[in-house]
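*Asks:* My structure is below; once you've seen it, I'll send some questions.
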Amino acid sequence: MSSLDASPTARHRRPGRARTVVERATALALALLLVPGLAGGSPAAGAGAGWNWPVSPRPAVQRPFEAPVKRWLPGHRGVDLQAPPGTPVRAPQSGTVSFSGTVVDREVLTIDHGEGHRSSFEPVTASVRRGEHVTRGQVVATVAAPGHGAHGTAVHWGVREGDEYVNPLRFVTDLRPSVLLPVPPPG
């Protein structure tokens, strides 16, 4: 028998209590590290914070983003959102209209949101002009007829960071994997 085993504290301690406290402290620490906003900070850009869906109600995604293997190879550099012709298109974030005009055979609208982020929409009939400042949620266009996609019932939304196309959904949806935290046992 060691001197620790003979101490009054060791003899009267409830078994498992220290372990429960450690488990709860660990769960809290993990929650603060892994769950955005719990520690008072804001989620990283791209964690779905600060941007609105450009059409509402929240649309179905008819075709997802497909990054090309190389910049010059085929891919789908944006998402096709369910939105029949005539649907209002809203600025997902504040910015300045950097382009409004025809590209090939359809009208395209591009908004520069600053910090290297640009949104583009097609086919649309723009209600704003180049150089105009727009605010998040402001109607900037309507989906033109025929719409985008196989059935003509979508609007294409692309987002660029610098010169690279990225998945627009990361600005309106948290695409990071879910983290399941342990639940401490009652007691």
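Numbering-wise (the UniProt record's numbering), the sequence shown opens with residue 1 and increments by one.
Backbone N, C-alpha and C define an ideal beta-carbon position, used for all residues, glycine too.
Distance, Cα to Cα, P92 vs V183?
*Replies:* If you number the sequence shown from 1, residue 92 lands on position 92. If you number the sequence shown from 1, residue 183 lands on position 183. Roughly 37 Å separates the two Cα atoms.
*Asks:* Hey, how far is the Cα of Q62 from the Cα of H156?
*Replies:* Counting from one through the sequence shown, the residue named residue 62 turns up at place 62. Counting from one through the sequence shown, the residue named residue 156 turns up at place 156. Taking the straight line from one Cα to the other gives about 10 Å.
*Asks:* Is the beta carbon of V128 less than 7 Å from the beta carbon of V172?
*Replies:* What you label residue 128 is simply residue 128 of the sequence shown in a count that begins at 1. What you label residue 172 is simply residue 172 of the sequence shown in a count that begins at 1. Cβ distance not < 7 Å, so V128 and V172 don't count as in contact.
*Asks:* With distance defined between alpha-carbon atoms, name the residue in D163, G162, G187, G158 nearest to F65.
*Replies:* Residue mapping note: residue 65 aligns to position 65 of the sequence shown, counting from 1. Closest option to F65, Cα to Cα, is G158.
*Asks:* Less than 7 Å separating the beta-carbons of G137 and R90?
*Replies:* Counted from its first residue, the sequence shown places residue 137 at position 137. Counted from its first residue, the sequence shown places residue 90 at position 90. It is a contact, given that the beta carbons lie within the stated cut-off.
*Asks:* What is the rounded straight-line gap between the Cα of K70 and the Cα of H76?
*Replies:* Within the sequence shown, the letter at position 70 stands for residue 70. Within the sequence shown, the letter at position 76 stands for residue 76. Answer to the nearest angstrom: the Cα atoms are 12 Å apart.
*Asks:* Determine the extent of the beta strand (DSSP E) in which H117 is found, giving its start and end residues.
*Replies:* Residue 117 sits at position 117 when you count from the first residue of the sequence shown. Residues 117-122.
*Asks:* Kindly identify the DSSP beta-bridge partner or partners of S100.
*Replies:* Stepping through the sequence shown from its first residue, residue 100 is reached at position 100. Per DSSP, L109.
*Asks:* Nearest to residue 191 by alpha carbon, out of V140, L181, A141, S119?
*Replies:* Residue 191 cannot be examined here, being either before or after the span of the chain that is shown, 1 to 187.
*Asks:* Let me make sure I understand the geometry here. Which of L181, Y165, R170, E115 has the alpha-carbon closest to that of A67?
*Replies:* Taking the sequence shown and counting its residues from 1, the one referred to as residue 67 is at position 67. A67 has its Cα closest to that of Y165, out of L181, Y165, R170, E115.
*Asks:* Taking the alpha carbon of L81 as the point to measure from, which residue in R160, R170, G149, L181 has its own alpha carbon closest?
*Replies:* Here residue 81 corresponds to residue number 81 of the sequence shown, with the count starting at 1. Of the listed residues, the one whose Cα sits closest to L81 is G149.
*Asks:* Can you grab the Cα-Cα spacing for the pair H113 / G131, in whole Å?
*Replies:* What you label residue 113 is simply residue 113 of the sequence shown in a count that begins at 1. What you label residue 131 is simply residue 131 of the sequence shown in a count that begins at 1. If you take the alpha carbons of H113 and G131, they lie about 12 Å apart.
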